[in-house]
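If you count the sequence shown from 1, position 48 lands on 655 in my numbering, and the numbers rise without skipping. All C-beta atoms, glycine included, are put in the ideal place defined by N, C-alpha and C. Working notes for the structure below.
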Amino acid sequence: MTRQFVFSSESVGAGHPDKLADNISDAVLDAILRTDPKARVACETLVKTGMVVLAGEITTHAQIDYSQVARDTILDIGYDDDAIGFDGRRCAVVLALTEQSP
């Protein structure tokens, strides 16, 4: 019996919501590790028009403004106007972050 497979893949650009979410999570991790290299970080990001949700568990001594990190990342990518679907200055940023258990 011959098995047939279909191979598919997806490639997304920097402005795609999945890529934007990955970039925000990476920026949060980078910001924390610059100050606290022993931090423990499990941070996920969800992006929807006009809203960003940061959720997960973070244990660190670093003092990070997570909302500002998200906004700066969004603006760096070029989302700076509601007319193009997203404005990093005006979007809602929801934080659902707790400390990791020991």
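Exposure label - residue i; buried when at least 16 CB within 10 Å
{"i": "S615", "result": "exposed"}
{"i": "V676", "result": "buried"}
{"i": "F678", "result": "For clarity, residue 678 is Arg in the given sequence; the question names Phe instead. Result: buried."}
{"i": "A638", "result": "buried"}
Limits of the unbroken alpha helix (DSSP H) element including residue i
{"i": "V619", "result": "First-last for V619: undefined, no H or E at that position."}
{"i": "T656", "result": "Premise fails: T656 is in no alpha helix (DSSP H) and is neither H nor E."}
DSSP state of residue i mapped onto helix, strand, coil
{"i": "R696", "result": "coil"}
{"i": "T680", "result": "helix"}
{"i": "T642", "result": "helix"}
{"i": "I665", "result": "strand"}
{"i": "V701", "result": "strand"}
{"i": "D629", "result": "helix"}
{"i": "V613", "result": "coil"}
{"i": "D687", "result": "strand"}
Heavy atom of the ligand FAD within 7 Å of residue i beta-carbon
{"i": "C650", "result": "With respect to the ligand FAD, the structure offers nothing, as it holds no ligand at all."}
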